[in-house]
Amino acid sequence: MTLKISETANHNYLAKIVELNNLRKHENADRLQCVSIDGNNVITGLDAQDGALYVYFPLESAINKEFLSWSNSFEDKDLNQNKEVKGFFNKKGRVRAIRLRGERSEGYIVPIRSICDWIFSTTGKKFEITEENINQEFDYIFDIKLCEKYVNREALKLRNSEKKNQKKVAKESKLIDNQFRFHIDTSPLKKYAENIHPNDLICITKKLHGTSFVVSKVLCKKQLKWYEKLLKKLGVNIVDMHYDLVYSSRKVIKNGDLEKTQNHFYSYDVWGEIAKSLEENLTAGITLYGEAVGYLKTGAYIQSGYDYGCEPGKFDTYIYRITLTNPEGKVFEFSTQQVKDYCNKFGMRYVPELYYGRAKDLFEISLTDHWNENFVQKLSEQYLEKDCDMCVNTVPDEGICIRREVFDIDVYKHKSFRFFEWETKQLDKGKIDLETQESEEVGVS
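Residue 135 in the numbering used here is what sits at position 118 of the sequence shown, and the numbering runs on without skipping anything.
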């Protein structure tokens, strides 16, 4: 296939072929226009016309630097093919959250023809886009990666240099297939607003800015003594499985080996501390999904500036999802009310709830005239662009999550643009959050 999504792609940072519609003049710039793509305001030039096919890149995606150089898109002229032309991308090639003369810039678009011409100039291969490709997402064209989630790999390499001299020892995993499961990836609400229906039972909660964790008590391999291993080889029925604690960051299991000794990326294992604080609340088969906010015990913030009312050196944990996994590996999802009841029973914090009920009952808006679009707009007005009222420091609230009460888990995130701007500034300073460090650690090259 010409356009494809790689196995390792983060689906929130894919390029997308779009047809421009309802272009409008920029309110404060004569040479600029704006267009809405997946609910995001995108700023473009006067050459763009309704009906034209473009490629959209979402916020904090990183675009192929060779393409940016070929298209003279770097602000540093020396990086461009034409040294006389200046663009606006910095050397990282990031799509940044900024305001251009008062208008939000929530993505970047280029004509599809530019991509086609660049591919041909690079590979000699031709490809044509048809109407069937409209709304198609991808990160690769042929074998060329066009975009990915932006990660500061230079900073990650520096962090990883601390581990270069550690000896790697092969270890046996204690994990059993289909018992432990990581967090699901939540999708942006604006992109999938049509999935919310007026009669849906929904729960709206605060989206906390900390670090994700999973703490689980699931079936694991049991570390056998030497004589048990011998008896097992002789055909004796030895119990070799038991319920054991497994915990992780968003993407990295922290105690998945049978042996107890482990190397951790940080001076101490923050996720181990989280698991220790929650372990007594686990019954067999239960997995807790949540967010830790506040401080590391070193006194550093879990997320820069976000104290969430915690004392330095301490953190709080908030649960937003619970599952039960049976011995056969089948997962049973707790409803919102079951999650709250379980938290109340064991004295755990449930993530702050803002609304629970039918979607149609939240706002007085027409159920037939652009309901989804108006619903998202009302959500933005009601819940976004505010300071975090849980923090002592003045920092922007990250946003909200919306969970549909259906048979399986179905959750969407809706982030504040003020938070996107904050996040952009943090990345500009070269700061890397805990989750990025953990999830990208093994893939740095």
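Ideal Cβ placement from N, Cα and C applies to all residues, glycine included.
Among the bridge pairs identified by DSSP, S383 is matched with none.
Note: D261 is bridge-paired with V235 in the DSSP secondary-structure output.
V393 sits in a helix when the DSSP states are folded into three classes.
By DSSP's assignment, A309 forms a beta bridge with T228, T334.
Under the 10 Å beta carbon count, Q66 is surrounded by fewer than 16 other beta carbons and is classified as exposed. In the assembly as shown, H259 is an exposed residue. Its beta-carbon has fewer than 16 other beta-carbons within 10 Å.
In this structure, the alpha-carbon of I146 lies about 54 Å from that of N298.
Under the DSSP assignment, F434 falls in the alpha helix (DSSP H) whose first and last residues are 434-445.
Nearest Cα to F380 within the set L96, D445, E398: E398. For D95, there are no CB contacts under 7 Å within the same chain when 5 residues up- and downstream are skipped.
In the DSSP assignment, L248 falls within the alpha helix (DSSP H) that extends over 243-250. T441 places its beta carbon 8 Å or farther from that of A26. Taking K108 as reference, the option from K191, L305, V127, K82 with the minimal CA-CA separation is K82. For Q354, the enclosing alpha helix (DSSP H) stretches over residues 353-363. If you draw a 10 Å sphere on the C-beta of D425, you find fewer than 16 other C-beta atoms in it, and that means exposed. Of all alpha-carbon atoms in L262, V269, L248, the one lying nearest the alpha-carbon of H200 is that of V269.
Beta bridge pairing from DSSP links D404 with P413. Assigned with DSSP and collapsed to three states, G124 falls in coil, not helix or strand.
C327 and S352 have their C-alpha atoms some 29 Å from each other.
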